[in-house]
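Undergrad: Let me begin by handing over the structure; questions about it come next.
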Amino acid sequence: MTHRMLGRTMAAAAVAVSLGGVGVAGQAGRWSPPRLADGQPDMQGHWTSDAVGGAHSIEDGRDPDADVIQGRVGERNPLIIVAPPDNRIPYRPEMAARRQQLLRDIFTPTAPAHVDPHVRAMLDGVPRNGYVPGGMQILQAPGTVLILYESNHAHRAIPLDGRPHAPQPLKLYMGDSRGRWEGNTLVVDVTNFNEDTWLDSHGSIHSDALHVVERWTLAGPDRIDYEATLDDPKAFTRPWKIAFPINRRPQKVYEIWEDSRLEGERAVDPILEVGRKDKAAGITGIHEHRREQR
Amino acid sequence: MTRALVVAAAFLTLAAPLAAGQPMPRTSDGRPDLSGIWQAINTAGTNILPHHAEPDMPAGLGVVDGNEIPYTPAAAAQQRENYANRAKLDPVNKCWLPGVPRATYMGFPFQIVQTPNQVTVLYEYAHAVRNIFMNSPHPKGPIEWWMGDSRGRWEGDTFVVDVVHFNDQTWFDKAGNHHSEALHVVERYTPIDRDHLNYEVTIEDPRVFTRSWKMSMPLYRRVDRNMQILEYECAGFDEAFRDGPAGPR
């Protein structure tokens with residue numbers, strides 16, 4: 001089944017016709033997930049998204065140079081930004097300028113802050129951890145939803161007890177998550193971010209005022225429809241939205257095994273060495289890709 | 001006196017000497033429910049053996065049974081060398097994963113989330129995590145993981161975790177107490193009351209120790225209001241120390 005990022009409603013309508021309405025996104029009540037003893041819809045299991053193009057560029061998708069190497073030229077390249085319709089992050093002017101500078105720094109990196117935090121084995125943050133390669137396990141216990149990401153063994157324990165967010169001065173890479181169930185949708189409100197995470201490898205940035213609202217909708221036994229709205233009055237002119245499907249892993253038995261990224265990190269020093277040499281030789285530029293058709 | 005009162009009185013008499021606190025809650029399948037946020041309160045992270053104070057490090061009585069680690073002579077020499085160069089050699093000073101059991105008593109809180117088939121432990125330190133799979137065999141090695149491979153089972157009310165497949169890179173403490181990749185750890189988490197666990201660890205490693213040995217300590221529930229696991233992302237500290245401020249923000 002293909003799932004279009006854009007024209008979502010049309011895609012959902014088409015699915016409704018072909019499957020007789022079973023497992024249709026956003027049609028709460030048509031499919032009833034099993035419930036756990038504490039009443040939570042059962043979202044447990046191992047899940048992956050095919051939105052990993054977003055990890056390269058949230059605005060442009062997969063790396064066209066990598067597509068050449070991997071023989072994927074011309075393949076569908078779904079973008080995960082669904083609003084605004086131009087798939088562009090609505091940066092405030094000062095943030096757009098900062099991001100342009102970062103793209104220049106990515107071209108000739110001379111400090112760790114110029115290298116993708118994912119490459120530096122730092123935590124990816126929310127929502128990026130959901131679309132980097134490697135899936136996730138969801139575990140539920142009374143009052144808690146646990147998201148265990150395979151990449152970099154990141155974890156989120158999301159309380160459902162209605163407690164307030166942590167005090168604002170506290171800043172976290174993964175943010176501070178509070179969850180509640182609305183029917184078959186887990187709504188997670190995430191605040192208290194630091195400004196050290198990127199939204200992709202292209203230096204898409206945010207400030208410490210980032211506020212993410214995630215909606216994890218159980219759309220069928222093997223699919224979650226994921227949406228996240230990103231609001232950040234210091235960085236963006238208006239809220240914007242990403243969406244992609246998350247599918248249950250086909251394996252009957254799956255265990256997340258250790259992904260010790262920092263311990264094996266050997267990439268950053270050579271990247272900085274090259275960047276510093278280039279810069280010293282007067283080489284400058286900007287990191288960008290030209291894609292014939294998006 | 002009514003029958004109910006007699007029963008109640010008998011119960012009080014029996015229960016009172018056992019424990020002052022409330023009993024550990026139980027899950028729907030009847031097991032003690034260890035879910036919650038726990039922390040060791042001792043100085044084992046500095047040195048699992050008895051030790052005097054150092055700057056910013058309080059003295060401690062140690063947590064090793066018999067106050068002695070049965071190193072082979074070569075392993076004892078290695079420990080002395082580790083100790084002498086601990087600032088440089090301690091893997092935790094590089095923000096690497098701390099291994100087991102060190103993650104338990106480094107002084108950071110950790111959260112246990114218990115489900116029937118998998119018990120997951122989230123550590124605040126370096127977002128370390130352990131997925132403890134219940135009643136299933138270790139995968140076939142050789143595998144070398146920082147946190148090992150953990151398989152759990154219940155023995156009565158004691159949660160027993162068998163851990164193998166370690167690398168030889170982690171230490172037991174800041175004092176350079178060490179092991180090889182042949183390390184075999186058995187952890188036993190036994191409820192004392194609602195807010196206290198007894199944590200007992202058996203260590204086996206024929207390449208480094210002449211016999212198995214044990215450590216034990218209580219674990220305390222963090223009962224603070226709205227307690228939650230936060231982040232100790234020392235990888236970020238390390239970058240800041242190494243390269244100075246990251247430039248204009």
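Here the protein sequences come in this chain order: A and B.
Residue 287 in our numbering sits at position 287 of the first sequence, with consecutive numbering throughout.
Residue 213 in our numbering sits at position 213 of the second sequence, with consecutive numbering throughout.
Idealized CB from N, CA, C, for every residue including glycine.
Measure from the alpha carbon of B:Asn177 to the alpha carbon of each residue in B:His51, B:Arg26, B:Asp33 and B:Gln78, then state which is nearest.
TA: B:Gln78
Undergrad: Interface residues of chain B around A:Ser260 at Cβ under 7 Å?
TA: Here the neighbours are Leu97 and Trp146.
Undergrad: Does A:Ile283 have its Cβ less than 9 Å from a Cβ in chain B?
TA: no
Undergrad: Output needed for A:Glu214: all residues of its chain with C-beta closer than 6 Å, excluding positions within five of it in sequence on either side, in chain order.
TA: Val188 and Ala228, listed in sequence order.
Undergrad: Can you tell me which of A:Ala209, A:Asp222 and A:Pro169 puts its alpha carbon nearest to the alpha carbon of A:Ile246?
TA: A:Asp222
Undergrad: Please list, in chain order, the residues of the region 232–261 of chain A that have any C-beta partner in chain E closer than 8 Å.
TA: Considering every chain present, this structure includes no chain E. Its protein chains are A and B.
Undergrad: Determine, for A:Gln137, whether the minimum Cβ-Cβ distance to residues of chain B falls below 9 Å.
TA: yes
Undergrad: Throw me the rounded Cβ distance for the A:Asp208 and A:Thr217 pair, which I believe falls under 8 Å.
TA: So it is not a contact: roughly 28 Å between Cβ atoms.
Undergrad: Does the beta carbon of A:Gln70 sit closer than 9 Å to a beta carbon anywhere in chain B?
TA: Cβ-Cβ to chain B under 9 Å: no for A:Gln70.
Undergrad: The beta strand (DSSP E) that contains B:Thr120, what's its start and end?
TA: Gln118 to Tyr123
Undergrad: So, B:Thr43 versus B:Pro58, is the Cβ gap smaller than 9 Å?
TA: The answer is yes: Cβ separation under 9 Å.
Undergrad: Check each candidate in B:Arg222, B:Pro137 and B:Asn85 and name the one with the smallest Cα separation from B:Val161.
TA: Per the Cα distances, B:Pro137.
Undergrad: Going by DSSP in three states, A:Gln100 sits in which element: helix, strand or coil?
TA: Under the three-state reduction of DSSP, A:Gln100 is assigned to helix.
Undergrad: Since B:Met24 and B:Pro191 are thought to touch, with beta carbons under 8 Å apart, how far apart are those beta carbons, to the nearest angstrom?
TA: Indeed they touch by this definition, with Cβ atoms about 4 Å apart.
Undergrad: Under 9 Å, Cβ to Cβ, is there at least one residue of chain B near A:Glu263?
TA: yes
Undergrad: With distance defined between alpha-carbon atoms, name the residue in A:Gly220, A:Ser204, A:Gly203 and A:Asn192 nearest to A:Leu210.
TA: By alpha-carbon distance to A:Leu210, the top candidate from A:Gly220, A:Ser204, A:Gly203 and A:Asn192 is A:Asn192.
Undergrad: Give the list of continuous beta strand (DSSP E) stretches no shorter than 3 residues that lie fully inside the region 152–204 of chain B.
TA: As far as the region 152–204 of chain B is concerned, its whole beta strand (DSSP E) runs of at least 3 residues are 158–164, 184–193 and 196–204.
Undergrad: How long is the line joining the alpha carbons of A:Leu123 and B:Arg211, rounded to whole angstroms?
TA: 40 Å
Undergrad: Roughly how many angstroms lie between the CA atoms of A:Arg62 and A:Gly285, to the nearest whole one?
TA: A direct Cα-Cα distance of roughly 21 Å separates A:Arg62 from A:Gly285.
Undergrad: According to DSSP, simplified to helix, strand and coil, what is A:Thr191?
TA: strand
Undergrad: Look at the Cβ atom of B:Phe133, then the Cβ atom of B:Arg151, and state whether they are nearer than 9 Å.
TA: For B:Phe133 and B:Arg151, yes; Cβs fall inside 9 Å.
Undergrad: At the level of alpha carbons, what is the spacing between B:Lys214 and A:Phe244?
TA: 50 Å
Undergrad: Rounded to whole angstroms, what is the Cα-Cα separation between A:Thr237 and B:Asn117?
TA: 46 Å
Undergrad: By the 10 Å Cβ neighbour count, where 16 or more other Cβ atoms means buried, how is A:Pro127 classified, buried or exposed?
TA: buried
Undergrad: Please list, in chain order, the residues of the region 28–49 of chain B that have any C-beta partner in chain A closer than 7 Å.
TA: Ser28 and Ser35
Undergrad: With 9 Å set as the bound, which would you pick, yes or no: does the beta-carbon of A:Arg128 sit closer than that to a beta-carbon of chain B?
TA: No, its Cβ sits nowhere closer than 9 Å to a Cβ of chain B.
Undergrad: Buried or exposed for B:Ser35, please, with buried defined as at least 16 other CB atoms from any protein chain shown within 10 angstroms of its CB.
TA: buried
Undergrad: Could you tell me which of B:Val163, B:Leu183, B:Arg188 and B:Glu144 sits nearest to A:Gly264, measuring between CA atoms?
TA: Comparing Cα positions, the closest option is B:Glu144.
Undergrad: Please confirm whether A:Met122 has its beta-carbon closer than 9 Å to some beta-carbon of chain B.
TA: yes
Undergrad: To the nearest angstrom, how far is it from the Cα of A:Thr144 to the Cα of A:Ala157?
TA: 7 Å
Undergrad: Which runs of the alpha helix (DSSP H) spanning at least 4 residues fall entirely within the region 66–137 of chain A, listed in chain order?
TA: Counting only unbroken stretches of 4 or more residues, the alpha helix (DSSP H) elements lying wholly within the region 66–137 of chain A are 93–107, in sequence order.
Undergrad: Out of B:Leu89, B:Glu81, B:Tyr71 and B:Asp149, state which residue places its alpha-carbon closest to the alpha-carbon of B:Val100.
TA: Looking at B:Leu89, B:Glu81, B:Tyr71 and B:Asp149, the one whose alpha-carbon comes closest to that of B:Val100 is B:Asp149.
Undergrad: If we ignore side chains and look at the alpha-carbon of each, how far apart do A:Arg99 and A:Ile271 end up?
TA: 20 Å
Undergrad: Does the region 148–157 of chain A touch the region 250–270 of chain A, meaning 3 or more C-beta pairs lie closer than 8 Å?
TA: Using a Cβ-Cβ distance cut-off of 8 Å, the region 250–270 of chain A and the region 148–157 of chain A are in contact, since at least three pairs of beta carbons, one from each stretch, lie closer than that value.
Undergrad: So, for A:Pro41: in the same chain, excluding its five sequence neighbours on each side, which residues have a beta-carbon less than 7 Å away from its beta-carbon?
TA: Pro33, Arg35, Trp181, Asn184 and Leu218
Undergrad: Whose Cβ in chain B lies nearer than 9 Å to the Cβ of A:Leu103?
TA: Correct list: empty, because the minimum Cβ distance to chain B is about 14 Å.
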